[in-house]
Ligand SMILES: *Cc1c(COP(=O)(O)O)cnc(C)c1O
């Protein structure tokens with residue numbers, strides 16, 4: 606470990622504050638470090654390994670495709686890419702999919718689409734995108750501009766112009782901002798993930814969706830973290846019964862391989878034309894084959910299990926000692942604790958549970974298929990850590 610730590614520090618760009626754990630293998634919701642210590646995985650690599658580590662079905666889909674054909678570029682047709690796009694459209698009622706490699710890249714493409722759509726329909730000065738304060742949309746210069754948190758912006762000026770941030774859950778304020786600018790789109794997460802696992806209020810979302818429709822302002826929902834079964838519906842917007850014009854997603858969709866997607870509705874399915882957007886790795890057949898095996902299994906039965914496990918987590922933490930609140934939806938949960946969240950996460954690692962933080966909360970993003978007994982074991986450990994008095 607100390608050798609690896611030194612090697613990493615010397616040769617890997619120092620952009621991450623890692624925990625002193627070297628993970629080497631895993632199965633399902635259990636991962637093991639170099640010394641064979643077992644951890645229950647309540648973070649899934651930040652909501653990525655949707656069906657856990659080395660899931661059999663996913664592994665088989667990926668390795669079968671890997672041994673046939675690993676990459677072609679988008680100059681040619683491949684079956685996994687088209688089949689996955691069809692599956693996504695059938696499951697959502699949306700019209701077309703563009704594949705890329707990450708959440709930031711999906712959001713970039715969504716923003717490009719909105720700019721082109723509005724320029725053609727309303728004029729080139731209609732390029733403003735309204736996003737929410739406390740949002741997170743990625744790390745590129747444009748998605749940083751979209752991100753409504755000043756501390757991400759400071760060191761990287763000037764950012765891409767054309768973004769304004771409205772307060773979340775304040776429809777009148779958002780409306781005023783959207784009308785006072787030449788607005789192309791409104792973009793938001795249904796549950797702010799990095800912002801602290803904060804679900805948007807139903808009334809705010811509904812009014813925003815209606816307003817956007819009335820004014821032909823595109824509604825972009827960032828489902829990078831909330832998508833692909835995470836909240837108990839296939840996509841989190843479905844909890845709100847709205848119809849977005851563009852959905853961006855990534856994280857869980859590939860089950861652990863890099864894959865992002867921009868999903869276009871009726872208004873935007875033909876906006877981007879040949880040559881106007883692209884991605885060398887986008888729609889990679891191995892990633893798409895893996896994603897097929899994930900999305901195929903996110904059906905009503907699985908979603909009911911997600912909701913059931915969610916209820917168990919909420920019930921366990923609500924009113925628990927050392928816990929001051931529980932937020933989120935489905936298996937995307939924020940636990941507000943009396944002790945600092947970072948301290949809880951550190952203690953949980955010692956006791957064999959991997960969890961995340963989001964702002965001042967402990968964030969839990971377990972695998973969608975985490976076995977109930979493993980989940981119970983993890984929750985018990987986290988609860989005990991929250992309840993422990995200061996030492
Ligand atoms: C993680 C995240 C992103 C960025 O995704 P990357 O794959 O890291 O580029 C964008 N939006 C939301 C809501 C996210 O949670």
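Numbering (my numbering), first residue to last: 606 to 996. Here a beta-carbon is modelled for each residue, glycine too, at the ideal position from N, C-alpha and C.
Subject >> Delimiting residues of the alpha helix (DSSP H) encompassing residue 703 >> reply: In the DSSP assignment, residue 703 falls outside any alpha helix (DSSP H) and lies within the beta strand (DSSP E) extending over 701-705.
Original post:
Quick one, are the C-beta atoms of residue 799 and residue 741 less than 8 Å apart?
Top reply: yes
**OP:** Using only the heavy atoms of ligand 1, determine whether one of them is closer than 7 Å to the beta carbon of residue 835.
**Re:** no
Subject >> residue 667 - containing alpha helix (DSSP H), residue span >> reply: 661-673
Original post:
Would you say residue 708 touches ligand 1, meaning its beta carbon is less than 7 Å from a heavy atom?
Top reply: yes
Original post:
Which first and last residues belong to the alpha helix (DSSP H) in which residue 791 is found?
Top reply: That residue, residue 791, is in no alpha helix (DSSP H); its beta strand (DSSP E) goes 788-793.
Original post:
Of all the alpha helix (DSSP H) runs that stay within the bounds of the segment 726-789, which reach a length of 4 or more residues?
Top reply: Scanning the segment 726-789 for uninterrupted alpha helix (DSSP H) segments of 4 residues or longer gives 746-751, 755-758 and 776-785, listed from N- to C-terminal end.
Original post:
Who are the near neighbours of residue 901 in its chain, counting only those whose CB is closer than 8 Å to its CB and skipping five residues on each side?
Top reply: Around residue 901, the same chain offers 692 as residues with beta carbons nearer than 8 Å, after the five sequence neighbours per side are excluded.
Subject >> Given residue 863 as reference, the closest of 650, 965, 747 and 635 once Cα atoms are compared >> reply: 650
Original post:
What's the C-alpha gap between residue 736 and residue 661?
Top reply: Between the alpha carbons of residue 736 and residue 661 lies a gap of roughly 39 Å.
Subject >> Residue range of the unbroken beta strand (DSSP E) whose run includes residue 986 >> reply: Unbroken run through residue 986 is the alpha helix (DSSP H), 977-992; no beta strand (DSSP E).
Original post:
Would you report the Cα separation of residue 925 and residue 967, rounded to the nearest angstrom?
Top reply: 14 Å
**OP:** Mind the definition here: the segment 929-949 touches the segment 797-813 only if three or more C-beta pairs lie below 8 Å; say whether that holds.
**Re:** yes
**OP:** Assign residue 879 to one of three DSSP states: helix, strand, or coil.
**Re:** coil
Original post:
Where residue 673 and residue 664 are concerned, what is the direct C-alpha to C-alpha distance, given to the nearest angstrom?
Top reply: The alpha-carbon atoms of residue 673 and residue 664 are separated by roughly 14 Å.
**OP:** For residue 843, name the three-state secondary structure that DSSP assigns.
**Re:** helix
**OP:** Report the option in 867, 675 and 857 whose CA atom is closest to the CA atom of residue 903.
**Re:** 857
Original post:
Taking the Cβ atom as the reference point for each residue, do residue 711 and residue 829 lie within a distance shorter than 8 Å?
Top reply: yes
**OP:** Quick one: residues in its chain with C-beta nearer than 6 Å to the C-beta of residue 628, no 5 flanking neighbours on either side, listed in chain order?
**Re:** Counting only Cβ-Cβ distances below 6 Å, and skipping sequence neighbours, we find 636 and 638.
Original post:
From 646, 905 and 920, pick the residue whose C-alpha is nearest to that of residue 954; which is it?
Top reply: 646
Original post:
Just to confirm, does residue 741 get its C-beta within under 7 Å of one of the non-hydrogen atoms of ligand 1?
Top reply: Yes.
Original post:
Going by beta carbon distance, what residues of the same chain come within less than 8 Å of residue 668, once the five residues before and after it are set aside?
Top reply: none
Original post:
Are there 16 or more other CB atoms within 10 angstroms of the CB of residue 914, so buried, or fewer, so exposed?
Top reply: Residue environment: residue 914 is assigned as buried (16 or more neighbouring CB atoms within 10 Å of its CB, all protein chains considered).
Original post:
Contact between the segment 738-758 and the segment 843-850: three or more CB pairs below 8 Å?
Top reply: no
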